[in-house]
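>
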């Protein structure tokens, strides 16, 4: 209590319910005898002014690898057929309010931050974690979401009861509605098309007769603000992303698993509840089907891997690796050894007979099979939360490949002549080059290797590359061109390489020449003995420090001067993408540049809170047309004008996966 009245010591019927530093201001009352206090703004605790910024801090912490991983899992695709008239126009004053029904009435600037009418959801609530970073990095070149839509404020908010402050005093803090929505919940507003976002604030502003929810939308939209409503700030977000609507107009985001308690969602994922969605068990060894045959099996609704309760990271990763590629099939076939974990055979059999084989034969795997795998992942001492929490693909691959299946490292990389490092994927680290608009994967990999003095100790059969991005909000490049083939010859140790000038056998490599645009711009600078001498006679290169190229001890008697140096190339077979906390996949099913499919494990939904996600695999031949464009054309292209699914491939790549058909025969 505010005043020293009462003397309850925290015990009831002999049981210690709680404890206090002092019992002089404590009372035990029936809950019906308690009413909310009318607190003036001056008396309200200062910490309430920041309620919309707390809560799921995990959203920022877990993705430090280069994603700020929490769990803002990105996925949102836009409609390709949106009329230009429906797109959002730029709004000069990002702090304008949505309270008026006429655009002409927008015009109040944001005052200093003021207290909100509700507090945050608990930080422990990991299962309603925010899909956006809590500290947005606004960009001058727009957002990465789908085409913004114009907002009909009247149709969303409805007629607000603008009574006087005296007639309608502020109500008590209100944290949820009939759908169980609260601050931090993923929500959608029923419109055509719907608006998606995360609830940042819930309360009843002065002069409004109903409870409102303040949403941070995925995309900018005309008429939206940066967290202000009628001139008062209730939370903070990027400009033109804050939408205030009636709380009753919100419902849980239908694209995701329902927001039930964890235990219910895990227990509900069984063969009885999912009776209409079960998939087959297929014994033996089933190679993937490709081209037209594979497309016919895989395309349609209820195809791919069914998502359930934050499983998109796992669904999309498995679909990338196994739907149309056999490069990692050795993982499914290795016999158990004495040093393997006791559940090795169980895991391998589940992966082969209940996930990979049914996916390749019937084009569908139900969520119950994935939940079985998620439960196995949690057996690892270093793992937790795999049955309920949103994770990252690299977390999943590390636990599955390293701790359970003991897969041989896919990559062996040496740094500056030091000991070889083993890993399963490579994260690109680099400083942003402002002179590059749209980089290719080839460029990014070479830049990263050159800057870190790295070389492949041996040619990989499978190369998984993580894009240079930090968290799901910040991307180093707005677009990245996914090179269809990757030439890694110049990145290999003990491999013959071609002189960049004459085409002969390269003997020296110069790191300092790499940035010199006068010599083969954008290429690794390696020279034969003669060309190396000539290049470094130039005054600006005389002080360069070049290093000898590592070559095999015994070179075959090839005619190096006639272009006979062999190349080591790898083919792109899948791209894992993320946007606004949801993972999706693009996979190549054939040789043609347009032979791509798009997979979303939660593309649709059957039923409400206790319903089921419906996965979908869609052909996306339009991707081929964009991959034929020059880098200059792609750079000049507005991301919002990219048709179909291609925008997500070019703008939201998270991992690119390459395979070497020849090397996979030896691995």
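In full-length UniProt numbering, the protein residues as written are 1 to 667. Even glycine gets a Cβ: it sits at the ideal position worked out from N, Cα and C.
(1) Write down every uninterrupted run of the beta strand (DSSP E) in the stretch 536-622 whose length is 3 residues or greater and which is fully enclosed by it, in chain order.
(2) What does the alpha-carbon distance come out to for the pair residue 552 and residue 507?
(3) What did DSSP end up calling residue 252 once you bin it into helix, strand or coil?
(4) Can you check whether the CB of residue 627 is closer than 8 Å to the CB of residue 652?
(5) What does the alpha-carbon distance come out to for the pair residue 212 and residue 195?
(6) Taking the C-alpha atoms as reference points, what is the distance between residue 442 and residue 320?
(7) Note the first and the last residue of the continuous alpha helix (DSSP H) segment covering residue 264.
(8) Does the distance from the C-beta atom of residue 483 to that of residue 440 stay below 8 Å?
(9) For the alpha helix (DSSP H) that contains residue 315, what are its first and last residues?
(10) Residue 485 bridges to which residues according to DSSP?
(11) Count the other C-beta atoms from every protein chain shown that fall within 10 angstroms of the C-beta of residue 11, then say buried if there are 16 or more, exposed otherwise.
(12) Using 8 Å as the threshold, is the stretch 287-303 in touch with the stretch 367-374, meaning 3 or more CB pairs across them?
(13) Could you pull out every residue in the same chain whose Cβ sits closer than 8 Å to the Cβ of residue 452, ignoring the five residues on either side in sequence?
(14) For residue 335, count neighbouring Cβ atoms within 10 angstroms of its own Cβ and tell me buried if that reaches 16, exposed if not.
(15) Buried or exposed, going by whether 16 or more other CB atoms sit within 10 Å of the CB of residue 14?
(16) Go ahead and pull the three-state DSSP assignment for residue 336.
(17) Pick from 292, 431, 599, 548: whose alpha carbon is nearest that of residue 713?
(18) Measure the alpha-carbon distance for residue 368 versus residue 277 and round it to whole angstroms.
(19) Let me know if residue 426 comes out buried or exposed under the rule of 16 or more other beta-carbons within 10 Å of its beta-carbon.
(20) In or out: residue 517 buried (at least 16 other Cβ within 10 Å) or exposed?
(21) Hey, how far is the Cα of residue 281 from the Cα of residue 601?
(22) Does the Cβ-Cβ distance between residue 649 and residue 564 come in under 8 Å?
(23) Excluding sequence positions up to five away, which residues of its chain have a Cβ less than 8 Å from the Cβ of residue 519?
(24) Excluding sequence positions up to five away, which residues of its chain have a Cβ less than 6 Å from the Cβ of residue 8?
(25) Distance, Cα to Cα, residue 406 vs residue 247?
(26) Which one of 477, 460, 422 has the shortest CA to CA distance from residue 434?
(27) Pull up the distance between the alpha-carbon of residue 509 and that of residue 491, whole angstroms please.
(28) With DSSP collapsed to three states, give me the class of residue 438.
(29) Going by DSSP, which residues form a beta bridge with residue 462?
(30) According to DSSP, simplified to helix, strand and coil, what is residue 651?
(31) Please state whether DSSP places residue 187 in a helix, a strand or coil.
(32) How is residue 8 classed by DSSP in three states: helix, strand or coil?
(33) Give me the Cα-Cα distance between residue 603 and residue 388, rounded to the nearest whole angstrom.
(34) Could you pull out every residue in the same chain whose Cβ sits closer than 7 Å to the Cβ of residue 333, ignoring the five residues on either side in sequence?
(35) Does the contact criterion of 3 or more C-beta pairs under 8 Å hold for the stretch 335-346 versus the stretch 263-274?
(36) Whole angstroms is fine: what's the gap from residue 566's alpha carbon to residue 496's?
So, from the data block:
(1) Correct list: 546-548, 569-579, 582-588, 596-606, 612-619.
(2) Residue 552 sits at position 552 when you count from the first residue of the chain shown. Residue 507 sits at position 507 when you count from the first residue of the chain shown. Cα to Cα, residue 552 sits roughly 12 Å from residue 507.
(3) Taking the chain shown and counting its residues from 1, one reaches residue 252 at position 252. In this structure, residue 252 counts as strand in the three-state DSSP scheme.
(4) Start at 1 with the first residue of the chain shown, and residue 652 comes out as number 652. Start at 1 with the first residue of the chain shown, and residue 627 comes out as number 627. In this structure, residue 627 does not lie closer than 8 Å to residue 652 by Cβ.
(5) For the purposes of this step, residue 212 is taken as residue 212 along the chain shown, with counting starting at 1. For the purposes of this step, residue 195 is taken as residue 195 along the chain shown, with counting starting at 1. In this model, residue 212 and residue 195 are separated by some 16 Å (Cα to Cα).
(6) Along the chain shown, read from residue 1 onward, the residue named residue 442 stands at position 442. Along the chain shown, read from residue 1 onward, the residue named residue 320 stands at position 320. Rounded to the nearest angstrom, the gap between the Cα atoms of residue 442 and residue 320 is 20 Å.
(7) Along the chain shown, read from residue 1 onward, the residue named residue 264 stands at position 264. Start and end: 262-268.
(8) If you number the chain shown from 1, residue 483 lands on position 483. If you number the chain shown from 1, residue 440 lands on position 440. Going by C-beta atoms, residue 483 is nearer than 8 Å to residue 440.
(9) Sequence index remark: in the chain shown, residue 315 carries index 315 (1-based). 312-322 is the span of the alpha helix (DSSP H), which, as asked, contains residue 315.
(10) If you number the chain shown from 1, residue 485 lands on position 485. Bridge partners of residue 485: 571.
(11) Working through the chain shown from its first residue, we reach residue 11 at position 11. Residue 11 comes out exposed.
(12) No contact exists between the stretch 287-303 and the stretch 367-374.
(13) Your numbering for residue 452 matches position 452 in the chain shown. Hits under 8 Å: 415, 429.
(14) What you label residue 335 is simply residue 335 of the chain shown in a count that begins at 1. Residue 335 should be labelled exposed.
(15) Counting from one through the chain shown, the residue named residue 14 turns up at place 14. The residue is exposed, with fewer than 16 neighbouring Cβ atoms inside 10 Å.
(16) On the chain shown, position 336 is the one that residue 336 refers to. Residue state for residue 336 is assigned as coil, using DSSP reduced to three classes.
(17) As shown, the chain starts at 1 and ends at 667. That puts residue 713 outside it, with no answer to give.
(18) The residue you call residue 368 lines up with position 368 of the chain shown. The residue you call residue 277 lines up with position 277 of the chain shown. Cα to Cα, residue 368 sits roughly 9 Å from residue 277.
(19) Along the chain shown, read from residue 1 onward, the residue named residue 426 stands at position 426. Within a 10 Å sphere around the beta-carbon of residue 426 sit 16 or more other beta-carbons, which makes this residue buried.
(20) The residue labelled residue 517 in the question sits at position 517 within the chain shown. If you draw a 10 Å sphere on the C-beta of residue 517, you find fewer than 16 other C-beta atoms in it, and that means exposed.
(21) For the purposes of this step, residue 281 is taken as residue 281 along the chain shown, with counting starting at 1. For the purposes of this step, residue 601 is taken as residue 601 along the chain shown, with counting starting at 1. Distance between residue 281 and residue 601, taken at the CA atoms: about 20 Å.
(22) Taking the first residue of the chain shown as position 1, residue 649 is located at position 649. Taking the first residue of the chain shown as position 1, residue 564 is located at position 564. No, they are not a contact pair.
(23) Residue numbering aside, residue 519 sits at position 519 when the chain shown is read from its first letter. Short of 8 Å from the beta carbon of residue 519, and not among the five residues preceding or following it, lie these beta carbons of its own chain, in chain order: 500, 501, 513, 525, 535.
(24) For the purposes of this step, residue 8 is taken as residue 8 along the chain shown, with counting starting at 1. Correct list, in chain order: 26, 27, 28.
(25) For the purposes of this step, residue 406 is identified with residue 406 of the chain shown, where counting begins at 1. For the purposes of this step, residue 247 is identified with residue 247 of the chain shown, where counting begins at 1. Cα to Cα, the separation comes out at about 49 Å.
(26) Within the chain shown, the letter at position 434 stands for residue 434. Residue 434 has its Cα closest to that of 477, out of 477, 460, 422.
(27) In the chain shown, counting from the first residue as 1, residue 509 sits at position 509. In the chain shown, counting from the first residue as 1, residue 491 sits at position 491. Cα to Cα, residue 509 sits roughly 11 Å from residue 491.
(28) Position 438 of the chain shown, counting from 1, holds the residue named residue 438. Looking at residue 438 - three-state DSSP - the assignment turns out to be coil, as it is neither helix nor strand.
(29) If you number the chain shown from 1, residue 462 lands on position 462. DSSP lists 659 as the bridge partner or partners of residue 462.
(30) Walking along the chain shown from the start, residue 651 turns up at place 651. Three-state result, residue 651: helix.
(31) Here the question's residue 187 lines up with position 187 in the chain shown. DSSP, reduced to helix, strand and coil, places residue 187 within a strand of the structure shown.
(32) Numbered from 1 along the chain shown, position 8 holds the residue referred to as residue 8. In the structure shown, residue 8 sits in coil (DSSP, three-state: anything other than H, G, I, E or B).
(33) Taking the first residue of the chain shown as 1, we reach residue 603 at position 603. Taking the first residue of the chain shown as 1, we reach residue 388 at position 388. So the two alpha carbons sit approximately 19 Å from each other.
(34) As a working mapping, residue 333 is identified with position 333 in the chain shown. For residue 333, same chain residues with a beta-carbon under 7 Å away, outside a window of 5 residues either side, are 285 in chain order.
(35) No: the two stretches stay apart, fewer than three of their Cβ pairs being nearer than 8 Å.
(36) By one-based count along the chain shown, residue 566 stands at place 566. By one-based count along the chain shown, residue 496 stands at place 496. Looking at the two C-alpha atoms, the distance is approximately 8 Å.
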